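Per the numbering used here, the very first residue in the sequence shown carries number 356; after that it's consecutive. Note sheet for the following structure.
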Amino acid sequence: ITYSAAIGACKKGDQWKLALKLFSSMPGAKVDPSTITYNAALSACEKAGQLEFALHLLGMMPYATVAPNKISYSTAISACATECQWQLALDLFRSMPDTRVSPDEVTYNALISACEKG
């Protein structure tokens, strides 16, 4: 919880690089990132318009045996919207069933926003 809170504080302070540095330091501290921690890092990247970092984090989750959830996908889709990448947002949306994640209202709104900006 401490890492998630610290990463969240970095997001609020527009310190996405520090958020990723904290996230990256977790294994060295023998702390396994959780879905909540990944989502906090994803959110920091999304807020800063760092789409590639957000997509990298989302892609890392299965390899770290951490299951992405609705928040993970909605945040990544919002990052696509920020960068006017509606096709990528649609691809992420379409991949959700592969990970057994169902979209919710937030996910649909993020996708609509991405398509609108594209």
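Glycine included, C-beta positions come from ideal geometry on N, C-alpha and C. Every value quoted in this text rests on a predicted model; they were computed, and no experiment measured them.
Considering only residues of the same chain and omitting the five flanking positions on each side of residue i, which have a CB-CB separation below 7 Å?
i	result
residue 419	388
residue 439	472 and 473
Taking all protein chains shown into account, do 16 or more other C-beta atoms lie within 10 angstroms of the C-beta of residue i, making it buried, or fewer, making it exposed?
i	result
residue 360	exposed
residue 463	exposed
residue 430	buried
residue 374	buried
residue 436	buried
residue 401	buried
residue 367	exposed
residue 395	buried
residue 450	exposed
In its own chain, which residues sit with a C-beta less than 8 Å from the C-beta of residue i, not counting the 5 before and 5 after it?
i	result
residue 423	390, 393, 413, 416, 417, 454 and 456
residue 408	371, 375 and 400
My understanding is that residue i touches residue j, with C-beta atoms under 8 Å, so please give their C-beta distance in whole angstroms.
i	j	result
residue 426	residue 469	Actually they are not in contact, since the Cβ atoms of residue 426 and residue 469 sit about 16 Å apart, beyond 8 Å.
Could you tell me which whole alpha helix (DSSP H) segments of length 4 or greater appear in the stretch 383-431? At a cut-off of 4 residues, the continuous stretches assigned as alpha helix (DSSP H) that sit fully inside the stretch 383-431 are 390-402 and 406-415.
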